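Worksheet for the structure shown next.
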Amino acid sequence: MSVEEEVEIEVKCPYENCNSTKIIKVPGYLFKTKQFGTVKIQVNKGVVCSEHQFIIFVDKKGLIRSYEKIDAQLTIIKKAKEEPIAKLSLNDVIDKIGEFPALNITHALLLNIPIVIFKNKEKSELEDNLIGICKKFLPKEFKENESIKFLLRKNLKNIENLNVLALDEEGYIIKSPWEITSFEFEKELLNKTLGAKDINAQSIIFRQIFENLIKKVEFVYELLRSSESLYEEDLKIKLAEKFLQKKVSDYDIDLIKEILKYRYLENVSKIKIRSFDKLKESLW
Ligand SMILES: [Zn+2]
């Protein structure tokens, strides 16, 4: 299969009472390597039907394995397809690559997971702008060298065993090392950043929110170092007290645990849930 070849996929809107169907075309190269799960594709409003957007999980044979419904995610101004990306415009970069892929990239940056993006041509306006924005936005100590790499599509080799986020510049997610598809924190981070008036204000907001989260992660990291085990219930209280946060949710804890696991290579099994322990006790 040549790099240019396309595969046709019949997509049916997963919303009840809709069931609109459409054939979409995706680059065939996505499916030609050895298997590493499914390719995730965000289907925007207007592609299959005018009302809904969702994610499809497509297997190696080009068959849809599952759907996931998603809400509107990011507040961006959509541009015409052929319009170029304005220099270092976060809006335009997200518009180009897609909202769900942008959330995945932000998640990978938080987790310090390398990102590989496959491009069609040597010259990619997305490459210059995305790398430029990361340089501008990321806090100094988190600007790891080459955390984002662009490669030509023809170089997609077996990335099965690599711990990377791999995607195509048109937004197809080829591989992500995590399972979650809900990116609440990343959504808030990008929306607040997009709301700032210019790139300098954006970079300040992005960095502040990013660093605040990292402070919480490091607080938990220190607690873990000095204790045998921690209960999530206690952790929530400690975090709320320390950071004057009204409510610390299960999602907050899961995100912190995920960052500890990937960025700090910390054993998060020390963080336990008290009710589970109680249950175990009562079973014995
Ligand atoms: Zn629909």
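Take the position in the sequence shown, starting the count at 1, then add 1131; the result is the number in the working numbering. All C-beta atoms, glycine included, are put in the ideal place defined by N, C-alpha and C. It should be emphasised that the depicted structure is a prediction, and the values quoted were computed from it without experimental measurement.
Determine the burial state of Ala1211: buried for a count of at least 16 other Cβ atoms within 10 Å of its Cβ, exposed for fewer. exposed
In whole angstroms, give me the CA-to-CA distance for Phe1273 and Glu1342. 10 Å
Quick one: using the 10 Å Cβ neighbour count with 16 as the cut-off for buried, is Met1132 buried or exposed? Reliability of the predicted coordinates at Met1132 is poor, the pLDDT of 48 falling under 50, and the value obtained from them is presented with this limitation in mind. Exposed.
Evaluate Ile1139 with the Cβ neighbour count: other Cβ atoms within 10 Å of its Cβ, from every protein chain shown; 16 or more gives buried, anything less gives exposed. As written in the sequence, residue 1139 is Glu, which differs from the Ile given in the question. Exposed: under 16 other Cβ atoms inside 10 Å.
Do you know whose CA, among Asp1408, Leu1410, Leu1325, lies nearest Leu1205's CA? Leu1325
Going by DSSP, what residue range makes up the alpha helix (DSSP H) through Gln1339? 1330-1356
If I measure Cβ to Cβ from Lys1388 and keep anything under 7 Å in the same chain, skipping five residues before and after, which residues do I get? Val1399, Ile1402
For Thr1152: DSSP bridge partner residues: Lys1143
Pull up the distance between the alpha-carbon of Ile1311 and that of Leu1386, whole angstroms please. 10 Å
Closer than 9 Å, CB to CB, is Asp1381 near chain D or not? You won't find chain D in this structure, because it holds only one protein chain.
Would you check whether ligand 3 has a heavy atom nearer than 8 Å to the C-beta of Glu1141? Inclusion of ligand 3 in the displayed structure is not the case, the ligand content consisting of ligand 1 alone.
Which whole-angstrom value describes the C-beta separation of Phe1185 and Val1174, a residue pair presumed to lie in contact below a C-beta threshold of 8 Å? 6 Å
Residues near Ser1151 in its chain [Cβ-Cβ closer than 6 Å; skip 5 each side]: Cys1144, Val1179, Cys1180
Neighbour-count burial assignment, Asp1381, 16 or more Cβ in a 10 Å radius: exposed
Reduced DSSP secondary structure (H/G/I, E/B, other) of Ala1327: coil
Please classify Asn1235 as buried or exposed, where buried requires at least 16 other C-beta atoms within 10 Å of its C-beta. buried
In this structure, does DSSP put Phe1188 in helix, strand or coil? strand
Separation of Ile1225 from Lys1318, as counted between CA atoms: 12 Å
Leu1296 and Ala1239 look like a contact to me (Cβ under 8 Å); what is the Cβ gap, rounded to whole Å? 4 Å
Going by CA-CA distance only, name the one from Tyr1393, Glu1364, Ala1371 that's closest to Lys1409. Glu1364
What do you reckon, is the C-beta of Cys1149 under 8 Å from a heavy atom of ligand 1? yes
Does the structure place the stretch 1280-1299 close enough to the stretch 1245-1262 that three or more beta carbon pairs sit under 8 Å? yes
Which of helix, strand or coil does DSSP assign to Ile1225? helix
Following the continuous alpha helix (DSSP H) through Asp1202, name the residue where it begins and the one where it ends. Unbroken run through Asp1202: none, as it is neither H nor E.
Three-pair Cβ contact test at 8 Å for the stretch 1365-1375 versus the stretch 1348-1356: yes
Proximal residues to Leu1221 (C-beta, below 7 Å), its chain only, five neighbours per side dropped: Ile1264, Thr1324, Leu1325, Gln1333
In chain order, what residues of the same chain lie with their CB nearer than 6 Å to the CB of Phe1268, ignoring the 5 residues before and after it? Ser1334, Phe1337
Does ligand 1 have a heavy atom nearer than 8 Å to the CB of Tyr1146? yes
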